[in-house]
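The sequence shown lines up with residues 28 to 492 when you count with the working numbering. All C-beta atoms in this analysis are idealised placements derived from N, C-alpha and C, irrespective of residue type, glycine included. Note that the structure is predicted; figures quoted are calculated from it, not measured.
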Amino acid sequence: MKIFFSRLKDTQIIMLGFFITILIGAFLLMLPLSSASGQWTGFIDAFFTSTSAVCITGLAVLPTAEHWSTIGQCIILALIQIGGLGFMSIVTIIFVAVRKRITLRERSVIREALNINQHGGVVNFAKYIVKFTLVVEFIGAFILSIRFIPEFGLKSGIYKGIFHSISAFCNAGFDVIGNRSLMDYSNDFVINIVIMLLIIIGGLGFPVAQDMIEMFYHIFVKKYSFKFSFGRLKLQSKIALITTIILIVSGALAIFIFEYNNIKTLGSMNIYGKVISSFFQSVTLRTAGFCSIDQGAMNYSSKLISSVLMFVGGSPAGTAGGAKTVTMAILFFAVFSLIKGKDEINAYNRTIGFDMLQKALSVVIMMLTVIVISVVVLSITETSLLVANGGKFEILDVFYETVSAICTVGVTTGVTPLLSSAGKIVIIICMYIGRIGPITLAISLSGKGINKKSIHYPEGNVIVG
28 MKIFFSRLKD
38 TQIIMLGFFI
48 TILIGAFLLM
58 LPLSSASGQW
68 TGFIDAFFTS
78 TSAVCITGLA
88 VLPTAEHWST
98 IGQCIILALI
108 QIGGLGFMSI
118 VTIIFVAVRK
128 RITLRERSVI
138 REALNINQHG
148 GVVNFAKYIV
158 KFTLVVEFIG
168 AFILSIRFIP
178 EFGLKSGIYK
188 GIFHSISAFC
198 NAGFDVIGNR
208 SLMDYSNDFV
218 INIVIMLLII
228 IGGLGFPVAQ
238 DMIEMFYHIF
248 VKKYSFKFSF
258 GRLKLQSKIA
268 LITTIILIVS
278 GALAIFIFEY
288 NNIKTLGSMN
298 IYGKVISSFF
308 QSVTLRTAGF
318 CSIDQGAMNY
328 SSKLISSVLM
338 FVGGSPAGTA
348 GGAKTVTMAI
358 LFFAVFSLIK
368 GKDEINAYNR
378 TIGFDMLQKA
388 LSVVIMMLTV
398 IVISVVVLSI
408 TETSLLVANG
418 GKFEILDVFY
428 ETVSAICTVG
438 VTTGVTPLLS
448 SAGKIVIIIC
458 MYIGRIGPIT
468 LAISLSGKGI
478 NKKSIHYPEG
488 NVIVG
């Protein structure tokens, strides 16, 4: 066994680790003790739920609050936590606890799993991730519990507070409220704000969170100016923060405008409800999956805007999915540089290398390719669900569901619970690819990794545009 693992690439170990975790979770969820009825759960449904939890997506073919027992829900919660932290972070903490020496190879796998560029201090960074996660989740659970206890009682209120705090920070989107997700709390200030903050903090990425803590320390303790403190942030943190703010505000504004008079979504709410629900929708589309409005009742324009927000997703090295904010920002910087006639890509007085642009393009193209293929396959396997064949869903709903899966978001227009077994397998594959990343998958399946010493050929010219 040791020889087998020694022959695997880092990316293959990551893929295998996630897959084994999903299989174990599926087996546990199949057991009668995991269902509220005490009956066995079918393998495909258990496998789908386990994949959705480990890949921190939130799509569900079975109602989480009704179908699963408390034990089943706790298994799902554990899978969410493992998926959010990354199984290598959990392994690292176990190794540290039992005082096992972590080899250079294991450090390399940890670095690859955490998606960080630094070569040193990966073990300390993994420990920081676990500590930071537990602290933020505890604060979120405490506040949510105070809100839920008067409504559900002491035990149930605390349980719901813990569950939704972990689910929100890990950008999972699972809830144990009911089939309507958080739609009954669309006007609740505490729940909306706490859930949004947890989603944003988890989605910013752990390196950015670490950088921001240092920035706040400089501002509030050392009394440095905001301009000076912000200037000290790493390039990734600056790009992630600015892009996140732009996407949240612009997304909320678009939802507010397009859904303002839609009686099935925002139309029946007062102005306060419209504003906070618009922001909640914009934030949750950053790969969280909670719903405060009916996704299936949205206008076409809102679904398209939502699909774009889902595709961008959160920031690297965090709990969010999608193509990532930094990825899309690099592409925009490249376009602006071309328009300005510059031969370098610059951002915040730094030059972005060609290898970063190449990686960004690869991520976007691979994800778009998977989305197109998946939509085509689903249009064949789920033809009975489409309006053209007497169903109630448009092809846009299938597209929406596919983007939600591969970007590990978890919002649904109602397609997922009605999927055939073949359709469920397609969505499972999308969620898995979305969690491990298309580049990780491509490198794992290829014969070789990235070769820095490739052969250089004479430059050729082609016509573009």
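Residue i, enclosing alpha helix (DSSP H) - first and last residue
i, result
"I490", "Looking at the DSSP string, I490 is not in any alpha helix (DSSP H), and its letter there is neither H nor E."
"Y212", "Neither: Y212 is in no alpha helix (DSSP H) and is coded neither H nor E."
"H191", "181 to 196"
"I299", "Just to set this straight, residue 299 is Tyr in the shown sequence, not Ile. Run containing Y299: 298 to 311, per the alpha helix (DSSP H) assignment."
"G52", "37 to 57"
"V235", "233 to 247"
"L254", "Inspection of the sequence shows that residue 254 is occupied by Lys rather than by Leu. Run containing K254: 253 to 258, per the alpha helix (DSSP H) assignment."
"M355", "352 to 366"
"L423", "422 to 433"
"G278", "262 to 286"
Residue i Cβ short of 6 Å to the ligand MN heavy atom set
i, result
"M57", "Among the ligands in the structure shown, none appear at all, so the ligand MN cannot be discussed."
Among the options, nearest to residue i - alpha-carbon criterion
i, options, result
"V217", "I273, F257, S252, G300", "G300"
"L231", "D211, I204, L268", "L268"
"I456", "E428, R128, Y375, H483", "E428"
"W67", "F257, N142, S96", "S96"
"D238", "K261, H94, G417", "K261"
"V136", "A153, E178, T311, A124", "A153"
"E178", "C197, G200, G167, D211", "D211"
"F169", "F159, N151, I193, Y155", "I193"
"G113", "A80, S319, K127, R132", "A80"
"S493", "Q108, I303, S333", "Here the chain covers residues 28 to 492 and nothing more, so residue 493 does not appear."
"I109", "I98, F306, C82", "C82"
"I222", "I266, S295, V489, R174", "R174"
"T271", "D382, S329, I482, A347", "A347"
"L468", "M394, P485, M242", "M394"
"G99", "G111, E133, A53, I143", "A53"
Limits of the beta strand (DSSP E) - the one that residue i falls within
i, result
"E379", "Reading the sequence as shown, one finds Ile at residue 379 and not Glu. Residues 377 to 379."
"I372", "372 to 374"
Short Cβ contact (7 Å threshold) for residue i with residue j
i, j, result
"I357", "I398", "no"
"S120", "V157", "In the sequence as displayed, the identity of residue 120 is Ile instead of Ser. Yes, these two residues count as a Cβ contact at 7 Å."
"F285", "N219", "no"
"I463", "M115", "no"
"L445", "L405", "no"
"T314", "G340", "yes"
"A350", "V390", "yes"
"D202", "S208", "yes"
"S471", "T48", "no"
"L161", "F196", "no"
"A73", "L56", "yes"
Presumed contact (8 Å Cβ cut-off) between residue i and residue j, rounded CB distance
i, j, result
"E409", "V425", "7 Å"
"T76", "Y459", "No, T76 and Y459 are not in contact; Cβ-Cβ is about 13 Å, not under 8 Å."
"V149", "R138", "5 Å"
"A87", "I204", "Actually they do not touch by this definition, with Cβ atoms about 13 Å apart."
"Q322", "T440", "5 Å"
"S61", "I102", "6 Å"
"N198", "G167", "N198 to G167, Cβ: 13 Å. No contact."
Residues near residue i in its chain [Cβ-Cβ closer than 8 Å; skip 5 each side]
i, result
"S172", "G184, I185, K187, G188, I189"
"A324", "N289, K291, T292"
"V414", "F420, E421"
"L274", "S309, R313, L336, V339, T352"
"L141", "G113, M115, S116, V149, F152, A153, I156, F233, A344"
"F245", "The residue asked about is misnamed: residue 245 is His in this sequence, not Phe. Excluding residues within five positions, the ones whose Cβ falls inside 8 Å are Y251, F255, S256, R259."
Proximity test, Cβ basis, 7 Å: residue i and chain C
i, result
"I120", "In the displayed structure, chain C is absent; only one protein chain is listed."
Neighbourhood of residue i by C-beta, 6 Å cutoff - its chain only, sequence neighbours within 5 removed
i, result
"I71", "S448, K451"
"T84", "T435, G437, M458"
"F306", "A279"
"I176", "G184"
Beta-carbon contacts of residue i that lie in its chain and below 7 Å, excluding the five residues immediately before and after
i, result
"F122", "I129"
"L104", "F190, I193"
"P90", "N206"
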